[in-house]
Amino acid sequence: MALTLRLTVAFAVVTVLPFALLPLAACAEEVQVPLDRSGHVQRIDAQLAKRLGTLTDRYPGFTEARLFRAPDSTFTFEVTMARGGKVLRERVPFSAASVDSLREQISLLVAQKAPHAGLNQEGRTLLLTGTTLLGLGFYGWELPVATYVEDGQAIAGAYLLVAGGSFFLPFAATGGQSVTYGMTDLALYGATRGIPHGILIYQLFTGNKGEPEALVGSAMVASIAEGVGGYVWAQRAQSSAGSAQTISTLGDFGLLEGLGVASLADYYDQGMHSAAAATALAGSAAGIAGGAALARHRDYSYGDASVMRNAGILGAFAGTMVADWFQPQDKAYVTAAMIGGAAGLMGGDRMVSNTDFNVGQSVLNTLGMVAGGLLGLGVGYVSTSDKSDNGTVLLTSSMLGSALGFAATYGSFLPAARVGRTDHSSLQIELSPLA
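Just so you know, the sequence shown maps onto residues -28 to -1, 1 to 407 in mature numbering (1 follows the signal peptide of the UniProt record, and there is no 0).
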């Protein structure tokens, strides 16, 4: 009897154990790894292979090649080919030593024939456009003012040199680097918001007694420093466009909330410009930190973060509208706008918690909100008398129009945005061997 029991248990173990371990084996995932030593080349497509002069002869119909690492630290070199209307795939096992040799060869070929291969420069054009516009609209005239230049010819010459350099300097600096949309977004955020930050920093130390030239110089230095800082931050953090836009959005709202607190505290009316500057800078810093924290817990696209920003703007507008109904003192308007803006951001966060709005959809959402506000303002204007005090009517009609424009565009894009998020999430399910 005991022998029979032991044989039964042994048979059960031998029979069931392989099936119990099967899910563990099936769940073993291969991770794609770079094909070169620098980590820039994640795949070699037909165009790059032709430039490098490799793989196309050995693999007729070559389409692309990738390298994968298994959990046991073995490697697989996967080549995809297209022949006779069919897609073929060849998987070649590689040892660690073979991978080192492969990476050495590819790195050498890339350095010789395609030094920019693998670089993601999707955001470079936008970045250079932004720096050029800043040079034309701000840096060009700011430098002569900050340096007390008074000669007309010198001012014109400095403007032209700075405006031109605002393109060529970042052009040269980013020539051999990846420039993602996330890096561009944070760089331009820093360069533009650095201007008011620089003004506030100067006022923090001088109050309202400083020189205008020094004030302008502080704005310029802060703009350049924050632009470079934002670029480096996004580069090191590998920030996506959605994360960068989230940080930018909350940074802006934080600055406005800080200015609101300074207004409520009567810092400006009492001549306490240093205290007002400190409050505004603290609000901006808190907003940036909050945006970074939120970005770590969200998977926002750029469009998601933009829609959330629009909801915050709409909330501030709504708060101002409600306050205006009661014709209160000025501080009530500020308080209502601050509360409405914060509530709008929180509501916007919920509205994009399960979406994937693209850039085009978010731009149309913004335009819909603006166009709705203009339409509402027009309706309010033509429906009231010129002689009457119609400020409240115009504000209300404009706000309602903006809300309708926002809601209409948001609702029209929501099904597609949810499908986009579902498709993005379902990728893991489709690849799961247990699905």
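Cβ atoms here follow ideal geometry from the backbone N, Cα and C, with glycine treated the same way.
Keep in mind it's a predicted model, so treat the numbers as computed, not measured.
Residue from the options with nearest C-alpha to residue i
| i | options | result |
| --- | --- | --- |
| V64 | M318, H269, L39 | L39 |
| E1 | P43, G230, A130 | P43 |
| residue 408 | G162, D328, P168, A264 | The chain is shown only over -28 to 407; residue 408 falls outside these bounds and no answer can be derived. |
| R208 | G56, M155, T178 | M155 |
| D8 | S45, K22, Q77, S70 | Q77 |
| R96 | M280, L160, R165, A250 | L160 |
| S246 | N337, N362, Q175 | Q175 |
| A213 | G263, T152, G316, A68 | T152 |
| I196 | M310, G230, L106 | L106 |
| L132 | G148, A237, S150, Y111 | Y111 |
| A216 | G363, F49, A261, L346 | A261 |
| V200 | D157, V279, L228, G363 | D157 |
| R61 | S73, E50, V5, S67 | E50 |
| L80 | G243, L349, M323, S10 | S10 |
| Y31 | W205, F66, T46, V59 | V59 |
| E185 | R322, P116, Y353, A126 | P116 |
| Q149 | L20, P87, F385 | P87 |
| Y203 | S220, N330, G287 | S220 |
| T146 | N180, L98, G129, V121 | L98 |
| L317 | L20, N330, V279 | V279 |
| K85 | G232, G319, L20, A68 | L20 |
| A257 | R75, Y240, G162 | G162 |
| S73 | F47, G124, Q93, K303 | F47 |
| R45 | S211, S67, V342 | The amino acid occupying residue 45 in the given sequence is Ser; Arg does not appear at that position. Of the listed residues, the one whose Cα sits closest to S45 is S67. |
Bridge partner(s) assigned by DSSP for residue i
| i | result |
| --- | --- |
| V5 | L39 |
| E62 | V51 |
| F34 | M53 |
| D17 | E36 |
Bounding residues of the alpha helix (DSSP H) (the contiguous stretch that carries residue i)
| i | result |
| --- | --- |
| L108 | No alpha helix (DSSP H) contains L108, which DSSP labels as neither H nor E. |
| G348 | 331 to 354 |
| M244 | Segment: none, M244 is in no alpha helix (DSSP H) and carries neither H nor E. |
| F225 | 213 to 236 |
| R281 | 274 to 297 |
| L317 | 302 to 323 |
| S70 | 68 to 85 |
CB of residue i within 8 Å of CB of residue j, strictly
| i | j | result |
| --- | --- | --- |
| G25 | M53 | no |
| P142 | T103 | yes |
| F225 | G259 | yes |
| G332 | F378 | no |
| I311 | G284 | no |
| E36 | R15 | yes |
| M371 | F289 | yes |
| S369 | G344 | no |
| L222 | L266 | yes |
| N326 | R390 | yes |
| A277 | T218 | yes |
| G166 | E114 | no |
| M192 | A118 | yes |
| A308 | A295 | yes |
| G170 | S138 | no |
| H12 | L108 | no |
| G275 | S235 | no |
| V336 | G352 | In the sequence under discussion, the amino acid at residue 336 is Leu, which differs from the Val named in the question. No, they are not a contact pair. |
| residue 444 | D328 | Any property of residue 444 remains undetermined from this structure, which presents the chain solely from -28 to 407. |
| L231 | G313 | no |
| V121 | I127 | yes |
| G243 | N330 | no |
| residue 436 | V5 | In the structure as shown, the chain starts at -28 and stops at 407, and residue 436 therefore has no counterpart that could be examined. |
Proximity test, Cβ basis, 8 Å: residue i and chain B
| i | result |
| --- | --- |
| Y239 | The structure shown contains no chain B; it is built from a single protein chain. |
**Q.** Ranges of the alpha helix (DSSP H) found wholly within the segment 110 to 195, counting only runs of at least 4
**A.** As summarised for the segment 110 to 195, the continuous alpha helix (DSSP H) elements at least 4 residues long and confined to that stretch are 112 to 118, 124 to 145, 153 to 178, given in chain order.
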